[in-house]
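In terms of numbering that gives the first Met the number 0, the sequence shown has 201 at position 202, counting the first letter as 1, and numbering is strictly consecutive. The C-beta atom is built at its ideal place from N, Cα and C for all residues, glycine as well. Let me begin by presenting the structure, written as structure tokens, before commenting on it.
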Amino acid sequence: MRMTLQRAALWAIVIAATMYLLVAARGLILPFVLAMALWYMVDAVADAIERPRLGRLRVPRPLALLAAVLIMSGLVGVVGRTLGHNVSAVAAAAPAYEGRLQKLLDQLAALAGMEQAPTLGQLFDRISLADTLGGVATFAASLVSVAGIVLIYAGFLFVEQVRFRRKLAIIFGPGEQQARVLSVLEQIDRDIRVYLRIKTVLAVATSILAYAVMAWVGVDFAGFWATMIFFFYYIPTVGSILAIVAPAVLTLVQFDHLTPFLIVLFVIGTIQIVMANVIEPAIMGRSLNLSPLVVIVSLMVWGTMWGVIGMFLCVPIMVVLLIVLAHFESTRPVAILLSADGRIPEAPHEPGS
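Structure, rendered in structure tokens:
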């Protein structure tokens with residue numbers, strides 16, 4: 000009993016110290032984590048290009064990597080241009096929304112029992128334009144700086160990838176231990192690729208359907224919101240809520256009657272619910288086997304520690320953690336608690352046990 004309490008206390012200290020380090024050193028850790036995510040996505044695209052064969056012929060690995068980099072760069076460029084164009088359009092159209100927004104403020108003030116609603120001018124007077132623009136400029140500069148560091152890290156990861164298996168062979172030798180480590184890495188790779196593939200296909204389908212609905216209703220900036228809905232789909236639960244609420248609120252401001260708002264709210268809400276809660280679990284099955292409660296808690300924890308990036312990465316991080324914990328007898332109880340149904344693969348025999 001005493002040993003159990005000591006072990007629990009030791010684990011609590013290790014977890015607390017790790018979380019503190021992840022928060023305190025996030026400026027150093029996040030660029031490397033983003034570089035790993037970028038490297039992984041490019042490598043997955045390169046594998047998909049390299050895999051098909053025509054007889055004995057197939058695309059050489061360097062050419063597949065070059066094609067993958069060009070594809071990813073093209074996608075980033077298209078998304079960047081779309082967002083940039085729409086942000087400029089939103090800024091140009093802002094005066095047209097002021098009258099409708101003021102009416103909404105008046106209606107909300109009346110519902111709240113206020114004698115006079117605050118004007119938009121009064122609300123914006125509380126915001127320091129200089130501070131806001133300065134903050135935006137600082138964020139943009141830091142983003143460019145971080146992007147450069149991420150690209151450098153990703154380049155070195157591609158170089159290191161060639162030597163990684165050789166280093167494992169030297170560290171663990173040709174026996175059971177090396178096979179065990181490779182088994183863990185292969186399972187992590189397989190599960191993450193399944194997750195990303197399914198998420199991406201469903202995110203594309205969701206954004207296309209949402210765009211069709213918004214274009215039919217006549218919502219302004221439908222392309223922008225469809226792009227945002229694509230990215231929101233990767234954030235569990237919170238992303239679905241944002242994907243429903245954000246375009247619905249714009250519709251409420253844009254139109255003078257409630258019908259477009261109700262259509263967007265109901266139809267896009269139905270699409271999100273069906274995709275995230277019916278189709279995705281049916282396709283993904285038990286491939287991830289993460290408890291929904293664990294997903295929500297990890298979303299809050301990683302979001303608090305690393306912001307929006309943590310929200311995007313929380314599920315892959317928890318999948319990796321679950322697989323690693325499941326492969327060691329001493330940590331299997333934790334893996335069982337993290338799993339959806341308590342069923343995880345048997346842990347391999349630990350040497351010396």
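Taking 4 residues as the minimum length, the alpha helix (DSSP H) runs contained wholly in the stretch 22-96 are 25-49, in order along the chain. Per DSSP, reduced to three states, the secondary structure at Leu289 is strand. Our two residues, Ala67 and Ile234, have alpha carbons roughly 24 Å apart in a direct line. Put simply, the stretch 237-256 does not touch the stretch 165-178. Fewer than three CB pairs are less than 8 Å apart. Taking a 10 Å sphere around the C-beta of Met18, we find fewer than 16 other C-beta atoms and assign the residue as exposed. Fewer than three pairs of CB atoms, one per stretch, sit closer than 8 Å, so the stretch 210-219 makes no contact with the stretch 191-198.
Measuring C-alpha to C-alpha distances from Ala221 to each of Leu201, Tyr232, Gln253 identifies Gln253 as the nearest.
Contact between Thr226 and Thr81 holds: their C-beta atoms lie close to 5 Å from each other, under 8 Å. Of the other Cβ atoms in all chains shown, fewer than 16 fall within 10 Å of the Cβ of Phe265; this residue is therefore exposed. The residue among Val248, Leu257, Phe231 with its C-alpha nearest the C-alpha of Met274 is Phe231. The Cβ atoms of Leu337 and Leu321 sit closer than 8 Å to each other. Secondary structure within the stretch 239-298: the alpha helix (DSSP H) runs of 4 or more consecutive residues, fully enclosed, are 258-273, 279-283 (chain order). Listed as beta-bridge partners of Ser338 by DSSP are Leu289. Annotation for Ile197: the continuous alpha helix (DSSP H) segment containing it runs 175-216. A straight-line Cα-Cα distance of about 12 Å links Val86 and Asp219. Val248 and Phe260 have their C-alpha atoms some 7 Å from each other. Look at Asp219 here: in three-state DSSP terms it is coil, with no helix or strand label. Here Pro30 has Val145, Ile148, Val149, Tyr152 as same chain residues with Cβ atoms under 7 Å from its own Cβ, once five neighbours each way along the sequence are excluded.
If you check the CB distance, Val32 and Leu312 come in under 8 Å. In this structure, the beta-carbon distance from Ala34 to Ile48 does not fall below 8 Å. In this structure, Val319 is the residue among Trp38, Val319, Gly217, Ala202 with its C-alpha nearest to the C-alpha of Val294. Rounded to whole angstroms, Ile335 and Arg342 show a C-alpha spacing of 7 Å.
Between Leu289 and Ala339, the CB-CB gap stays under 8 Å. Sixteen is the threshold: when 16 or more other Cβ atoms of the shown chains lie within 10 Å of the Cβ of Ser206, as they do, the residue is buried.
Ranked by Cα distance from Ala36, the first of Phe157, Arg99, Asp105 is Phe157. The beta-carbon separation of Ile282 and Ile267, rounded to 21 Å, does not stay under the 8 Å limit for a contact. In this structure, the CA atom of Val277 is about 14 Å from the CA atom of Ala202. Selection Phe223, Ile228, Thr250 evaluated against Gly217 yields Thr250 as nearest (Cα-Cα). By the beta-carbon neighbour count (other beta carbons within 10 angstroms, threshold 16), Pro315 is buried. Between the C-alpha atoms of Tyr39 and Trp224 there is a straight-line separation of about 27 Å.
In this structure Ile12 is exposed. Its beta-carbon is surrounded by fewer than 16 other beta-carbon atoms within 10 angstroms. The alpha-carbon separation between Val180 and Pro59 amounts to approximately 28 Å.
Excluding the 5 residues flanking it on each side, Phe171 has same chain C-beta neighbours closer than 7 Å at Gln177, Val180, in chain order.
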